[in-house]
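Numbering (the UniProt record's numbering), first residue to last: 1 to 576. Cβ atoms here follow ideal geometry from the backbone N, Cα and C, with glycine treated the same way.
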Amino acid sequence: MNSLTDRTPLLNGIAASSGIAIAKAYLLIEPDLSFEEKKIEDIEKEIKRFQSAIGKAIKDLEEIRDSAKKELGDDESAIFDAHILILSDPDLLNQVSDNIKATRNSAESALKSTSDMFITMFEQMDNEYMKERAADIRDVRKRVLSYLLGVEIVNPSMIKDEVIIVAEDLTPSDTAQLNRAYVKGFITDIGGRTSHSSIMARSMEIPAVVGTKTATKAINNGDIVIVDGSSGEILINPSQEMVSKYKKKQADFEIQKEELVKLVNEKTVTIDGHHVELAANIGTPKDLDSVVQNGSEAIGLYRTEFLYMDKDQLPSEEEQYQAYKEVLEGMNGKTVVLRTLDIGGDKELPYLNLSKEMNPFLGNRAIRLCLEEQGMFRTQLRALLRASLYGSLKIMFPMIATLDEFRQAKAVLEEEKQKLVSEGISASDSIEVGIMVEIPSTAIIADQFAKEVDFFSIGTNDLIQYTMAADRMNERVSYLYQPYHPAILRLVKMVIDSAHREGKWVGMCGEMAGDETAIPLLLGLGLDEFSMSPTSILKARSQILRLSKKEMEGLVEKALQMSTTSDVVEAMVDVK
Numbered sequence: 001m002n003s004l005t006d007r008t009p010l011l012n013g014i015a016a017s018s019g020i021a022i023a024k025a026y027l028l029i030e031p032d033l034s035f036e037e038k039k040i041e042d043i044e045k046e047i048k049r050f051q052s053a054i055g056k057a058i059k060d061l062e063e064i065r066d067s068a069k070k071e072l073g074d075d076e077s078a079i080f081d082a083h084i085l086i087l088s089d090p091d092l093l094n095q096v097s098d099n100i101k102a103t104r105n106s107a108e109s110a111l112k113s114t115s116d117m118f119i120t121m122f123e124q125m126d127n128e129y130m131k132e133r134a135a136d137i138r139d140v141r142k143r144v145l146s147y148l149l150g151v152e153i154v155n156p157s158m159i160k161d162e163v164i165i166v167a168e169d170l171t172p173s174d175t176a177q178l179n180r181a182y183v184k185g186f187i188t189d190i191g192g193r194t195s196h197s198s199i200m201a202r203s204m205e206i207p208a209v210v211g212t213k214t215a216t217k218a219i220n221n222g223d224i225v226i227v228d229g230s231s232g233e234i235l236i237n238p239s240q241e242m243v244s245k246y247k248k249k250q251a252d253f254e255i256q257k258e259e260l261v262k263l264v265n266e267k268t269v270t271i272d273g274h275h276v277e278l279a280a281n282i283g284t285p286k287d288l289d290s291v292v293q294n295g296s297e298a299i300g301l302y303r304t305e306f307l308y309m310d311k312d313q314l315p316s317e318e319e320q321y322q323a324y325k326e327v328l329e330g331m332n333g334k335t336v337v338l339r340t341l342d343i344g345g346d347k348e349l350p351y352l353n354l355s356k357e358m359n360p361f362l363g364n365r366a367i368r369l370c371l372e373e374q375g376m377f378r379t380q381l382r383a384l385l386r387a388s389l390y391g392s393l394k395i396m397f398p399m400i401a402t403l404d405e406f407r408q409a410k411a412v413l414e415e416e417k418q419k420l421v422s423e424g425i426s427a428s429d430s431i432e433v434g435i436m437v438e439i440p441s442t443a444i445i446a447d448q449f450a451k452e453v454d455f456f457s458i459g460t461n462d463l464i465q466y467t468m469a470a471d472r473m474n475e476r477v478s479y480l481y482q483p484y485h486p487a488i489l490r491l492v493k494m495v496i497d498s499a500h501r502e503g504k505w506v507g508m509c510g511e512m513a514g515d516e517t518a519i520p521l522l523l524g525l526g527l528d529e530f531s532m533s534p535t536s537i538l539k540a541r542s543q544i545l546r547l548s549k550k551e552m553e554g555l556v557e558k559a560l561q562m563s564t565t566s567d568v569v570e571a572m573v574d575v576k
């Protein structure tokens, strides 16, 4: 930790989402629920204490469920109904009460031993979905124990004051419970620009600094903190002078955002007349409002796996069809590039009961899984083909490593189209079919792929980690996640040049596409479509409107010959 002034400690991290936030810290950390084993004298009193804790926990969960339903919808709130059912289960409740009577153990001890028995039973089941129920029991046990021990349990859904969340990391379930009206920023110990918490912060348009390593230790609950999501700096309990200074920066940032709004309906054209397309990355139809409000010219990545997550079974063809149709209609004829199911790595579907792998990021995931589980894949393709009549659909296969994989996937698509036709169901005849380029070997033989695909979309989040052999979620090697490394730039150039020689277009849907340092380089490399978080579009448009493509081409020629990332970054300092 450095010191900005004698009174203002300074913490540094990775600038993950732009803007300034000033608010109280809210530490989202696990409470200490340890307790000492002891015998009790009054059995009936102890059982009543247990029943009271159960009642309070159920009341909590009902409030959380109702809040989640209102903010996020029925699907996201269903997990809390399941937790309420667990706490209402007579088998669990009676066994805890019987344990107290038989052993004179405290309610805490009886709850732990009884719930441990249920957890072990579920974990030993062959069905992966049932195994996951063990985690639900742990979750509800934690809530009941907190009432028995008088320990406050953090509950992000119930935040009713303006706060800045401080956590080791933020999981999808954490963020699903956050009220956007009150959460003004994120600070995390771990993570990088492509971690879930960073992407979520940009989507929510709130400042974030991640990868601080020590935030949860350096910041106390209730401390006033300032988050500068542009510089990666965090000020802890700043002086009034510093607060005033950053309030001025905050106001300036808001004025800049108001200026950017004027560009919503503008085309993205460089000063020398070259047009590129700025597109949005989305996960659900709910993201459409942000896409439109931020002036997106297309959707460059529709991540369909969110339709499959937080469920206990695969979504039906009809359910998928309605979701795809809603997005296509909502874009009013603008292009929608839809990625087929990309499950694996850090995205699991417990109900599929897939085998565990030593390295899931390099395992049976994405297109590999879809070609193996063709029933699931064909259902999605049928839904897509049916929805294709309602807009401009392009289908993209993820994690393609070989031409054979692409040919197999395309053949399955064609088979499903013919089946629909034979059933008297129409589908568009103008669907372009492309691939994500996220594996180095695919980039290296992009000239061969370009003869068969209709387009490429470069997925830099994975391409960078695979090329640099560095897990982007691992803090110890996060320094190797280098989007501007000459090796990455050369791979991107190979892909773009190969596509253009065949008259095909190239997009980029990784986080690099919205990075202000990378944008001039990508423009010079000839990228046709930049797809990013919707909230990054107007800033990117403003930047590109001030650039000359011809000048960026000259800059790229020099960058490609450089040896290190720092050389490239230094060359870009005066360009942004």
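- Closest by C-alpha distance to methionine 396, out of Val437, Gln250, Gln293, is Val437.
- Between threonine 535 and the set Asn294, Val209, Lys410, the nearest pair of CA atoms involves Asn294.
- Ranking Gln408, Asp60, Leu523, Ser563 by CA distance to the CA of glycine 273 puts Leu523 first.
- Aspartate 574 counts as exposed, since fewer than 16 other beta carbons sit within 10 angstroms of its beta carbon.
- In the three-state reduction of the DSSP assignment, isoleucine 40 falls in the coil class.
- The beta strand (DSSP E) runs of length 3 or more contained entirely in the region 474–513 are, from start to end of the chain, 505–508.
- Nearest to aspartate 42 by alpha-carbon distance, out of Leu93, Arg180, Asn105, is Asn105.
- Unbroken beta strand (DSSP E) stretches of 3 residues or longer found wholly inside the region 372–412: 392–397, given in chain order.
- Glycine 300 sits in a strand when the DSSP states are folded into three classes.
- Apart from sequence neighbours up to five positions away, the residues of its chain that approach aspartate 462 with a beta-carbon distance below 7 angstroms are Glu438, ordered along the chain.
- With a cutoff of 7 angstroms on beta-carbon distance, leucine 525 and isoleucine 496 are scored as near each other.
- Between the C-alpha atoms of aspartate 454 and tryptophan 505 there is a straight-line separation of about 8 angstroms.
- Residues of the same chain with a CB within less than 7 angstroms of the CB of asparagine 99, apart from the 5 flanking positions on each side, are Asn105, Ala110, Ser113, Thr114 in chain order.
- With a cut-off of 8 angstroms on Cβ pairs, the region 368–388 is in contact with the region 314–327, counting three or more such pairs.
- Taking a cut-off of 8 angstroms for Cβ pairs, the region 476–492 and the region 421–436 do not touch, as fewer than three such pairs fall below it.
- Of the candidates Ile165, Ala411, Gln51, Ile165 places its Cα closest to the Cα of alanine 25.
- Look at the beta carbons and you see the region 36–53 not touching the region 237–248: under three pairs across the two are nearer than 8 angstroms.
- Under the three-state reduction of DSSP output, histidine 83 falls in the helix class.
- The beta carbon of glutamate 36 is closer than 6 angstroms to none in its chain, skipping five residues each way along the sequence.
- Relative to glycine 503, the option among Phe449, Ile206, Asp515, Val225 whose CA is nearest is Phe449.
- Here the region 364–372 makes contact with the region 391–411; the two share three or more CB pairs at distances below 8 angstroms.
- Non-local C-beta neighbours of leucine 371 in its own chain, meaning closer than 8 angstroms and more than five positions away in sequence, comprise Phe377, Glu405, Gln408, Ala409, Val412, ordered along the chain.
- Between serine 17 and alanine 201, the gap from beta carbon to beta carbon is short of 7 angstroms.
- Shown here, leucine 27 sits in a strand according to DSSP, grouped into three states.
- In its chain, beyond the 5 residues on either side, Lys267, Thr268, Val269 have a beta carbon closer than 7 angstroms to the beta carbon of histidine 275.
- Within 10 angstroms of the beta-carbon of arginine 472 lie 16 or more other beta-carbons, which makes it buried.
- In summary, leucine 314 is buried, with 16 or more beta-carbon neighbours lying within 10 Å of its beta-carbon over all protein chains present.
- Around the beta carbon of threonine 120, fewer than 16 other beta carbons sit within 10 angstroms, so the residue counts as exposed.
- Assignment of beta-bridge partners to glycine 185 by DSSP yields Ile164.
- Closest in C-alpha terms to glycine 19, from the list Ile236, Leu338, Gly222, Pro207, comes Pro207.
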